[in-house]
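Structure record follows, encoded as structure tokens.
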Amino acid sequence: MKKVIFTLLLSLLPFCAIAQPCAYEQVLQKMTMFYDKTYPSKIDIQKADFSSLILDQSTDYLGAIGVHKKRLVVIFSSAKRDPKHPLVYEVAGKTRVGKNIRQFKGRIILTQFVSGKSEDASGELNTKNSGVQEEGVAVGDFTLDEYEDLPATGIFKGKVLLWWFLSKKGKIEYNDGYLMADPYLNNAYIGTWTSKQTHKSQQVSWGHYRVPCAGDLDMGAGEFSPAPQYYKYGWGEYIKEIKAKYPNAFKD
Numbered sequence: 006m007k008k009v010i011f012t013l014l015l016s017l018l019p020f021c022a023i024a025q026p027c028a029y030e031q032v033l034q035k036m037t038m039f040y041d042k043t044y045p046s047k048i049d050i051q052k053a054d055f056s057s058l059i060l061d062q063s064t065d066y067l068g069a070i071g072v073h074k075k076r077l078v079v080i081f082s083s084a085k086r087d088p089k090h091p092l093v094y095e096v097a098g099k100t101r102v103g104k105n106i107r108q109f110k111g112r113i114i115l116t117q118f119v120s121g122k123s124e125d126a127s128g129e130l131n132t133k134n135s136g137v138q139e140e141g142v143a144v145g146d147f148t149l150d151e152y153e154d155l156p157a158t159g160i161f162k163g164k165v166l167l168w169w170f171l172s173k174k175g176k177i178e179y180n181d182g183y184l185m186a187d188p189y190l191n192n193a194y195i196g197t198w199t200s201k202q203t204h205k206s207q208q209v210s211w212g213h214y215r216v217p218c219a220g221d222l223d224m225g226a227g228e229f230s231p232a233p234q235y236y237k238y239g240w241g242e243y244i245k246e247i248k249a250k251y252p253n254a255f256k257d
């Protein structure tokens with residue numbers, strides 16, 4: 006899944022231009038824009054298990070909350086598929102905004118599956134010799150409850166998009182086949198956070214490799230890079246963390 010076509014790299018660039026607020030349908034359209042959706046799916050949705058995608062830790066989540074796009078850290082610690090309702094996943098984890106760390110429990114219900122095979126510039130299916138039967142995006146509704154009796158707790162609600170592929174062995178895998186494309190993102194969560202104390206809602210989004218619906222927060226081309234005006238909202242801390250791991254990061 007490491008083969009990335011040059012034309013796809015160019016055509017995916019609009020990912021970077023999605024402005025906030027945006028709807029999850031816009032992100033979904035970009036993810037599936039090359040798919041031949043007439044391709045007959047081989048997946049039995051009632052048997053396919055997406056829990057490994059939900060728990061994927063190939064990279065940390067990048068997230069933002071509110072009008073100031075404060076840095077939001079999200080970690081999923083468990084995802085269990087309901088044996089009686091195979092499209093339902095019980096999840097748990099924790100969030101952090103600034104110094105506030107909160108635990109959550111919740112549920113993801115998969116509601117839509119867009120699958121197909123994408124074509125390269127010559128019209129050939131780019132999955133032909135890649136060990137992939139098909140690929141697509143699973144869309145679901147998520148509800149995450151910061152359940153602790155603490156201030157600044159709330160409920161996250163919205164849509165999640167999981168980009169997957171079906172291996173030759175018939176297993177659902179995390180789709181990193183377009184990882185080398187600059188605007189690539191996966192495991193995108195887009196919705197709201199509603200305070201239990203004030204009952205006011207804020208826009209929220211997080212994802213792998215990019216913040217979906219980031220607007221002017223993300224000024225990066227080859228990789229996510231927060232704009233300087235947002236450093237005071239937690240993103241300066243992010244820059245320090247990345248530089249500590251990768252001393253040459255963010256250098257001109």
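Convert by adding 5 to the 1-based position in the sequence shown; the result is the number in my numbering. We put the CB at the ideal spot given by N, CA and C, even for glycine. As the structure is a prediction and not an experimental result, all values here were calculated from the model.
Cβ of residue i within 7 Å of any chain C Cβ
| i | result |
| --- | --- |
| GLU140 | This model lacks chain C altogether, as it is built from one protein chain only. |
Start-to-end residues for the beta strand (DSSP E) that takes in residue i
| i | result |
| --- | --- |
| GLN202 | Looking at the DSSP string, GLN202 is not in any beta strand (DSSP E), and its letter there is neither H nor E. |
| SER82 | 75-86 |
Closest Cα partner of residue i within the set the options
| i | options | result |
| --- | --- | --- |
| GLN138 | THR116, ASN180, THR148 and PHE229 | ASN180 |
| LEU171 | ILE106, ASN192, VAL142 and LEU149 | VAL142 |
| PHE36 | LEU77, ASN192 and GLY163 | One point to set straight first is that residue 36 is Met, not Phe, in the sequence displayed. When each option's Cα is compared against that of MET36, the closest is ASN192. |
| PHE161 | GLN207, ALA219 and GLN51 | GLN207 |
| THR158 | TYR66, THR203 and GLY145 | THR203 |
| VAL209 | TYR66, PHE39, ILE247 and LYS47 | TYR66 |
With 16 other Cβ atoms within 10 Å as the buried cut-off, status of residue i
| i | result |
| --- | --- |
| LYS74 | buried |
| TYR194 | buried |
| VAL136 | The question names Val, yet the displayed sequence has Gly at residue 136. It counts as exposed. |
| ASP41 | exposed |
| ILE70 | buried |
| ASN253 | exposed |
| TYR251 | exposed |
| ALA219 | buried |
Where the alpha helix (DSSP H) through residue i begins and ends
| i | result |
| --- | --- |
| SER57 | 56-59 |
| ILE244 | 240-250 |
| VAL216 | VAL216 -> no alpha helix (DSSP H), and no H or E assigned at all. |
| TYR29 | 29-36 |
Contact set for residue i: own chain, Cβ-Cβ below 6 Å, skip 5 residues either direction
| i | result |
| --- | --- |
| LEU155 | none |
| THR148 | GLY111, ARG112 and LYS162 |
| GLY128 | Because GLY128 sits at a pLDDT of 40, beneath the cut-off of 50, its placement in the model cannot be relied upon, and the point is left open. |
| LEU14 | Bear in mind that a pLDDT of 39 at LEU14, under 50, signals an unreliable position, so the number given afterwards is only what the model happens to contain. The residues are ALA186. |
Spatial neighbours of residue i in its chain, beta-carbon cut-off 7 Å, leaving aside the 5 residues before and after
| i | result |
| --- | --- |
| ARG86 | ASP54, SER56 and TYR94 |
| ALA232 | ASP221, LEU222 and MET224 |
| ARG101 | VAL78 |
Inter-residue CB distance, residue i and residue j (contact presumed, cutoff 8 Å)
| i | j | result |
| --- | --- | --- |
| GLY103 | GLY212 | Rounded, the Cβ-Cβ distance is 20 Å, inconsistent with contact. |
| VAL32 | ILE59 | That pair is no contact at about 17 Å. |
Sequence-distant residues of the same chain with beta carbon closer than 8 Å to residue i, five excluded per side
| i | result |
| --- | --- |
| LYS52 | PRO91 |
| LEU18 | The predicted position of LEU18 is uncertain, since its pLDDT is 40 and thus under 50; no value can be drawn from it. |
| ALA22 | Residue placement at ALA22 is poorly supported in this model, since its pLDDT is 42, which falls under 50; the coordinates still yield a value, given next. Counting only Cβ-Cβ distances below 8 Å, and skipping sequence neighbours, we find nothing. |
| TYR214 | THR64, LEU67, LEU184, TYR189, LEU190, ASN191, GLU228 and PHE229 |
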